[in-house]
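>
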Amino acid sequence: MERTTLPAAFILAGLSIGANAEDAKQHGFVEDSQATVSNRTYYYSNDNRDGGRDQRETATALKFAFTSGFTQGTVGFGVDVASLVAVHLDGGRGHHPDANTFFPSDSDGSAAHSWSRVGGTLKARLSKTELGVGNIFTPNLPILVATDSRLVYQNFGGGILTSKEIDGLTLTAGKIDQSSGRATSNSTGLAIAGGTKDSNDFRFAGGDWKATNDLTFQYYFARLENYYKQNYLGLVHVLPLGNDQSFKTDLRYFDSSSDGKNGDVGYRFNNNGGYAKTPGEVDNKTWSAMFTYSIGGHSILLGHESVSDDGGFVWLNQGNVVDGRNRPEGNGGTAFYLFTDAIVGNFSRAGEQTNFGQYSYDFTKLGIPGLKTSISYLRGDDIKDVAGGSDHKEWERDMRIDYIIPSGPLKGFGTTLRHGTYRSDGSALPDTDQTRLIFNYSYSFL
11 MERTTLPAAF
21 ILAGLSIGAN
31 AEDAKQHGFV
41 EDSQATVSNR
51 TYYYSNDNRD
61 GGRDQRETAT
71 ALKFAFTSGF
81 TQGTVGFGVD
91 VASLVAVHLD
101 GGRGHHPDAN
111 TFFPSDSDGS
121 AAHSWSRVGG
131 TLKARLSKTE
141 LGVGNIFTPN
151 LPILVATDSR
161 LVYQNFGGGI
171 LTSKEIDGLT
181 LTAGKIDQSS
191 GRATSNSTGL
201 AIAGGTKDSN
211 DFRFAGGDWK
221 ATNDLTFQYY
231 FARLENYYKQ
241 NYLGLVHVLP
251 LGNDQSFKTD
261 LRYFDSSSDG
271 KNGDVGYRFN
281 NNGGYAKTPG
291 EVDNKTWSAM
301 FTYSIGGHSI
311 LLGHESVSDD
321 GGFVWLNQGN
331 VVDGRNRPEG
341 NGGTAFYLFT
351 DAIVGNFSRA
361 GEQTNFGQYS
371 YDFTKLGIPG
381 LKTSISYLRG
391 DDIKDVAGGS
401 DHKEWERDMR
411 IDYIIPSGPL
421 KGFGTTLRHG
431 TYRSDGSALP
441 DTDQTRLIFN
451 YSYSFL
């Protein structure tokens, strides 16, 4: 699961005789503040090889973000603010198929010229515990992931509490009640794939325990009212092998079940287009195991993911939510915490057994810092269709090149080229070739 983020860095340090920099550093609302202006320009091409409508669009977004420090005192207070404006540059007539995938639509169905969004978060800190309340959260938790796969980040709104009072243990809990998608200025409640009615109550709690420098355990619980409950267990271990070598083990297990009105009209899960033991309801267990061997600039990853037979894997997905007039809200765009969240497909239907691998290389070892490449392959078999047959298959091949200028006047300017080739037996997505070309730049000041 790979994502391209907008880079931003800002460091303030103080120096004094007889103290190190950290001791002498002045902390406060202003002293620890940072402001960043970021730009992302994005070309998106989706070539439907089965003869359907193709998509080719280009857009740019300008984002301003202000992150304050905390006021002095036992309880510190702060504020984060973010605003953005996105402009559609070119789509080619007939190459803007929907309002969910890349950019909002005007009333006539064509791409809108521009759109904007603004939000903020109020925050408080006591010791090593922080509480944030707002609508610009971009979490990356096993049970809640904000997608960054298009022009702008998906945002979530609500409250999140994070505590690091115990060394090696990070506890996180929260309630999320809204989402703003990758191509909309509006927010909606939350749902899952197929759900047209939204919920404003997604609660979660869990923690990451770093038992040693090389071993981390994870547990999280989440509940989306009237849709599903989910337990997650994870283990990450990195074994140093010396001579710039390591072996990483990453194990993940999800257990998901129905909640409340799930299965009723408006709250039905489409099970990702696959089989469901009880149609419309969530009933799934998914596990995955990933192993990565790294040596020098080389990295080789192999893994397997298993989706249980009774239903598809589930995660937050607001793409089918409708408004009071039964029209789509346009809040598309999702991500989830498994490697099979690929460029095109997600390999998440009932019974699916996916083998995957990836090779990556960091060219720093060859004297070209900032340049990285990767190629990955996923193949899913034994997929159960809506009637219970289990002979369906799909595969995807993804390639990626990233380059970030490491120094000079354009330091931090990044370019990403991604290409995905997806093929199936016709039981899931159409055969697709997808290309994304992304330019990122950010400037920090204060």
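Converting from the sequence shown to my numbering requires adding 10 to each position, the first position being numbered 1. Glycine is no exception: its CB is placed at the ideal position from the N, C-alpha and C atoms.
#1: Tell me where the beta strand (DSSP E) around residue 169 begins and ends.
#2: Distance check for residue 399 and residue 458, CA to CA, integer angstroms please.
#3: Is residue 450 helix, strand or coil when you go by DSSP?
#4: So for residue 39, helix, strand or coil by DSSP?
#5: In chain order, what residues of the same chain have a beta carbon less than 6 Å from the beta carbon of residue 437, not counting five sequence neighbours either side?
#6: Where does residue 283 fall in DSSP's three states?
#7: For the ligand NAD, is there a heavy atom less than 7 Å away from the beta-carbon of residue 274?
#8: Rounded to a whole number of angstroms, what is the C-alpha to C-alpha distance between residue 8 and residue 354?
#9: Who does residue 214 pair with in a DSSP beta bridge?
#10: Which of the three DSSP states, helix, strand or coil, is assigned to residue 427?
#11: Do the segment 291 to 298 and the segment 247 to 266 meet, that is, are 3 or more Cβ pairs less than 8 Å apart?
#12: Beta strand (DSSP E) containing residue 239: first to last residue?
#13: Rounding to the nearest angstrom, what Cα-Cα distance links residue 218 and residue 432 in this structure?
#14: Between the C-alpha atoms of residue 156 and residue 192, what's the straight-line distance to the nearest angstrom?
#15: Let's see if you can read the secondary structure: which residues bound the beta strand (DSSP E) around residue 67?
#16: Please report the straight-line C-alpha distance between residue 372 and residue 239, rounded to a whole angstrom.
#17: In whole angstroms, what separates the C-alpha of residue 351 from that of residue 441?
#18: Taking 7 Å as the limit between beta carbons, can you name the residues of its chain near residue 19, skipping five residues before and five after?
#19: With a threshold of 8 Å between beta carbons, is residue 231 in contact with chain C?
#20: At which residues does the beta strand (DSSP E) containing residue 339 begin and terminate?
#21: Between the C-alpha atoms of residue 356 and residue 161, what's the straight-line distance to the nearest angstrom?
#22: Whole angstroms is fine: what's the gap from residue 326's alpha carbon to residue 211's?
#23: For residue 249, which of 435, 189, 346 and 226 has the nearest alpha-carbon?
#24: Label residue 406 either buried or exposed according to how many other C-beta atoms from any shown protein chain fall within 10 Å of its C-beta, with 16 as the threshold for buried.
#25: Using the C-alpha atoms, what's the distance from residue 258 back to residue 33?
#26: Tell me the residue span of the beta strand (DSSP E) that contains residue 277.
#27: When DSSP labels each residue in this structure, what does residue 375 get in the three-state scheme?
#28: Among all the DSSP beta bridges, which residues are the ones paired with residue 363?
#29: Kindly confirm or deny that the segment 362 to 372 and the segment 166 to 173 touch, where touching means at least three C-beta pairs closer than 8 Å.
#30: Hey, could you find the ends of the beta strand (DSSP E) residue 98 is sitting in?
#31: Go ahead and pull the three-state DSSP assignment for residue 19.
#32: Once DSSP output is grouped into helix, strand and coil, what is the label at residue 33?
#33: Starting from residue 291 and walking both ways along the beta strand (DSSP E), at which residues does that stretch end?
#34: Between 271, 389 and 183, which has its C-alpha nearest residue 207's C-alpha?
#35: Does the distance from the CB of residue 214 to the CB of residue 183 come in under 8 Å?
Walking through what the data contain:
#1: Indexing the sequence shown from 1 puts residue 169 at position 159. Element bounds for residue 169: 165 to 173.
#2: Beyond the ends of the chain as shown, which are 11 and 456, falls residue 458; an answer cannot be given.
#3: Mapped onto the sequence shown, residue 450 falls at position 440. Strand.
#4: Along the sequence shown, one-based indexing puts residue 39 at 29. Coil, per DSSP.
#5: Looking up residue 437 in the sequence shown gives position 427. If the five residues before and after residue 437 are omitted, its C-beta is found closer than 6 Å to the C-beta atoms of 395 and 402, all from its own chain and listed in chain order.
#6: Locating residue 283 in the sequence shown gives position 273, counting from the first residue. Residue 283 falls in the helix class under three-state DSSP.
#7: With respect to the ligand NAD, the structure offers nothing, as it holds no ligand at all.
#8: Residue 8 lies beyond the stretch modelled for the chain, which goes from 11 to 456, so this question has no answer here.
#9: Your numbering for residue 214 matches position 204 in the sequence shown. BP columns for residue 214 point to 184 and 232.
#10: Numbered from its first residue, the sequence shown carries residue 427 at position 417. Residue 427: strand per DSSP, three-state reduction.
#11: Touching, per the Cβ criterion.
#12: For this step, residue 239 is matched to residue 229 along the sequence shown. Per DSSP, residue 239 belongs to the beta strand (DSSP E) from 238 to 250.
#13: By one-based count along the sequence shown, residue 218 stands at place 208. By one-based count along the sequence shown, residue 432 stands at place 422. Going by the C-alpha atoms only, they are around 34 Å apart.
#14: The count along the sequence shown starts at 1 and reaches residue 156 at position 146. The count along the sequence shown starts at 1 and reaches residue 192 at position 182. Cα to Cα, the separation comes out at about 10 Å.
#15: Your numbering for residue 67 matches position 57 in the sequence shown. Start and end: 65 to 77.
#16: As a working mapping, residue 372 is identified with position 362 in the sequence shown. As a working mapping, residue 239 is identified with position 229 in the sequence shown. Approximately 39 Å between the Cα atoms of the pair.
#17: Counting from 1 along the sequence shown, the entry for residue 351 is found at position 341. Counting from 1 along the sequence shown, the entry for residue 441 is found at position 431. The C-alpha of residue 441 is placed about 17 Å away from the C-alpha of residue 351.
#18: The sequence position of residue 19 within the sequence shown is 9, counting from 1. Its pLDDT being 33, under 50, residue 19 is placed unreliably in this model, and the coordinates cannot settle the point.
#19: This model lacks chain C altogether, as it is built from one protein chain only.
#20: Reading the sequence shown from its first residue, position 329 is the one you call residue 339. Segment: none, residue 339 is in no beta strand (DSSP E) and carries neither H nor E.
#21: Position 346 of the sequence shown, counted from the start, is the residue given in the question as residue 356. Position 151 of the sequence shown, counted from the start, is the residue given in the question as residue 161. The straight-line gap from Cα to Cα measures roughly 20 Å.
#22: Counting from 1 along the sequence shown, the entry for residue 326 is found at position 316. Counting from 1 along the sequence shown, the entry for residue 211 is found at position 201. CA-CA distance, residue 326 to residue 211, rounds to 12 Å.
#23: One-based indexing of the sequence shown puts residue 249 at position 239. The shortest Cα separation from residue 249 among 435, 189, 346 and 226 belongs to 226.
#24: Reading the sequence shown from its first residue, position 396 is the one you call residue 406. Under this definition residue 406 is a buried residue.
#25: Position 23 of the sequence shown, counted from the start, is the residue given in the question as residue 33. Position 248 of the sequence shown, counted from the start, is the residue given in the question as residue 258. Because the pLDDT at residue 33 is just 44, under 50, the model does not fix this residue reliably, and the point stays unresolved.
#26: Residue numbering aside, residue 277 sits at position 267 when the sequence shown is read from its first letter. Neither: residue 277 is in no beta strand (DSSP E) and is coded neither H nor E.
#27: Taking the sequence shown and counting its residues from 1, one reaches residue 375 at position 365. If DSSP states are grouped into helix, strand and coil, residue 375 belongs with the helices.
#28: By one-based count along the sequence shown, residue 363 stands at place 353. DSSP lists 316 and 391 as partners of residue 363.
#29: No, they do not touch.
#30: Translated into positions along the sequence shown, residue 98 becomes position 88. Taken as a continuous stretch (DSSP letters only), the beta strand (DSSP E) holding residue 98 covers 85 to 100.
#31: The residue given as residue 19 occupies position 9 in the sequence shown. Unreliable placement is indicated for residue 19, whose pLDDT of 33 sits below 50; the coordinate value is still reported in the next sentence. Residue state, collapsed to three classes: coil.
#32: The sequence position of residue 33 within the sequence shown is 23, counting from 1. A caution first: residue 33 carries a pLDDT of 44, below 50, which makes its placement in the model too unreliable to give a value.
#33: Along the sequence shown, read from residue 1 onward, the residue named residue 291 stands at position 281. Careful: residue 291 lies outside any beta strand (DSSP E) and carries neither H nor E.
#34: Indexing the sequence shown from 1 puts residue 207 at position 197. Closest in alpha carbon position to residue 207, among 271, 389 and 183, is 271.
#35: Counting from one through the sequence shown, the residue named residue 214 turns up at place 204. Counting from one through the sequence shown, the residue named residue 183 turns up at place 173. Yes, the pair counts as a contact, with Cβ atoms nearer than the cut-off.
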